[in-house]
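Below is one structure, written out as structure tokens; comments come after it.
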Amino acid sequence: MAQLYRKKPNNIIVFLGRRFELCKVFGLFGKENLVYQSEFDHKIYSNSDIVKYYFSELDADIFLLNSNSKIPAVKVEDYKNVIIVVSESDIYNQTYKIYREKYPNCKLVFLWFNGEVFVKPLFEKCKLANIDLILTGSNQIGINDIATFDFKLSFKFFYYYIGYYYLDSLINKIGQNKYDETQLPIFTYSKASNESSWRSDLLNNLHKKYPNTICSSNSINDSYDLEFTKYKHFETINDYCYKNYNLIFESINYKNNGEYFATEKTFKGLFFGNPFFLVAPSDLVAELSNEYYLLNSEYKSLDEFVSDKDLQYKFDYFKEKSKNNNKKLMNYIKDYKYTDYFKKLLYETRI
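Throughout the sequence shown, residue numbering follows the numbering used here, covering 103 to 453 in sequence.
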């Protein structure tokens, strides 16, 4: 498609990586606000090392590169203001020093909000790197000394990464409104790796104490599920919309308040607006409860929730209170306030 002539932008933002970084770009700036500038051909795209967008609000060309070796190809030096969004390996290998030496006018940004632990070694390396801006959705002791921590930030990533971007127009047309007596009161996923065996321990104990109360489903059953893992995120449309109550276990151990973060598990609970109880670090539950409706605010403990014999009769009340979770979540996702962080970086002089 022919493009209208426009003046070359003053600014450039380079993201090192493509698949994950693309979701971060959309989450930060909004997919609807970006103009795709690369060739729209699947074969060409698959074999390319560079993807280009234009963002008018920042008057910036945005490049996503498969490798930092491709930085010279986008002619960073031709732009007045430069931001390079460094990778995890750049931090560990101190490659960021090369960027500063080669492009003295560049600002460095590090993004960490794809639902993983901000491990201590990486945290310590970031402290030494003197990065201009770090945005993270993962907590770590002392995080506010070096970064902007937003516990909801991963929601912006997962909205695009698991494909729920495409469900916007459907979300108000799906879901149950009445308690289904043919199902058990509570549904949960029971899959657990060695690192999260605490989930299995909790569930096994609950099954013994409260039989015929919780339906546990293993979301990965065979090679198809292992081969096409992202499709499993659409299985949850049924499991989060057409079950009575959801019991959601976050990835991080609920006792670990030092390194907590939210993943797609919590995101889905909020997105579909079904009543759910969240098993997660207490600080994360408290943060979420300040803005969203969780059943944790109704029960003092997990046992109190699971043992409640009146769940059927309370369903309408809890369902109604949960409905606004999606609206609040989408208001946050569509709030592109972090654009201002990048704008400030582009136009301020580095000391």
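Idealized CB from N, CA, C, for every residue including glycine.
Nearest neighbour of residue i, chosen from the options [CA to CA]
i, options, result
"K439", "D252, F142, S384, E337", "D252"
"I354", "L386, T338, F369, F374", "L386"
"N168", "E179, S148, K182, N183", "S148"
"D412", "Y395, L286, D163", "L286"
"Y156", "V127, A175, N170, K172", "V127"
"S158", "Y138, I146, D143, D151", "Y138"
"K311", "I164, S140, D410, L124", "D410"
"E400", "E389, L390, F420", "F420"
"S292", "F336, A231, L447, S318", "S318"
"L213", "D405, K145, F122, K110", "F122"
"G360", "V221, V116, L124", "V221"
"E134", "L397, C125, I288", "C125"
"K275", "T441, K425, S325", "K425"
"L308", "T284, L404, K445, K229", "L404"
"F215", "L390, F142, T250", "T250"
"N195", "G217, A231, D163, E218", "A231"
DSSP-derived helix/strand/coil call for residue i
i, result
"I146", "helix"
"Y155", "strand"
"K310", "helix"
"A162", "strand"
"L167", "strand"
"N348", "strand"
"M103", "The predicted model places M103 with a pLDDT of 40, which falls under 50 and marks its position as unreliable; any figure quoted below should be read in that light. DSSP places M103 in coil when its eight states are reduced to three."
"V387", "helix"
"I115", "strand"
"K411", "coil"
"F225", "helix"
"V219", "coil"
"S299", "helix"
"Y201", "helix"
"F253", "coil"
"Y291", "strand"
"N246", "helix"
"I186", "strand"
"N240", "The question names Asn, but residue 240 is Ser in the sequence shown. Strand, per DSSP."
"K209", "strand"
Pair within 8 Å by beta-carbon distance, residue i and residue j
i, j, result
"V187", "L136", "no"
"Q414", "Y201", "no"
"F378", "R301", "no"
"G244", "A364", "no"
"N376", "N348", "yes"
"V184", "I114", "yes"
"Y198", "V178", "no"
"N428", "L380", "no"
"I152", "K172", "yes"
"K367", "Y395", "no"
"D180", "N112", "no"
"I264", "I288", "no"
"F374", "G277", "yes"
"I248", "K227", "no"
Close Cβ partners of residue i (< 7 Å) along its chain, the five nearest in sequence each way excluded
i, result
"E393", "K430"
"N358", "P383"
"F225", "Q242"
"R120", "V153, L166, N168"
"Y443", "L235"
"Y483", "The requested residue 483 does not occur in the structure, where the chain is confined to residues 103 to 453."
Own chain residues within Cβ distance below 8 Å of residue i, not counting five before or after
i, result
"I435", "G129, F257, K258, Y261"
"L447", "I185, K209, V211, D234, L235"
Whole-number beta carbon distance between residue j and residue i, since they are thought to touch under 8 Å
i, j, result
"L255", "L235", "With 8 Å as the limit, L255 and L235 do not qualify as a contact, their Cβ atoms being about 13 Å apart."
"Y342", "N241", "The Cβ separation is near 25 Å, so there is no contact."
"F407", "N346", "With 8 Å as the limit, F407 and N346 do not qualify as a contact, their Cβ atoms being about 12 Å apart."
"K370", "T331", "Between T331 and K370 the Cβ distance is about 15 Å, and since that is not below 8 Å, they are no contact."
Chain C within 8 Å of residue i, Cβ atoms only
i, result
"V221", "Given the protein chain composition of this structure (a single chain), no chain C is represented."
Same chain, Cβ closer than 6 Å to residue i, five either side skipped, listed in chain order
i, result
"V176", "F165"
"N207", "V184"
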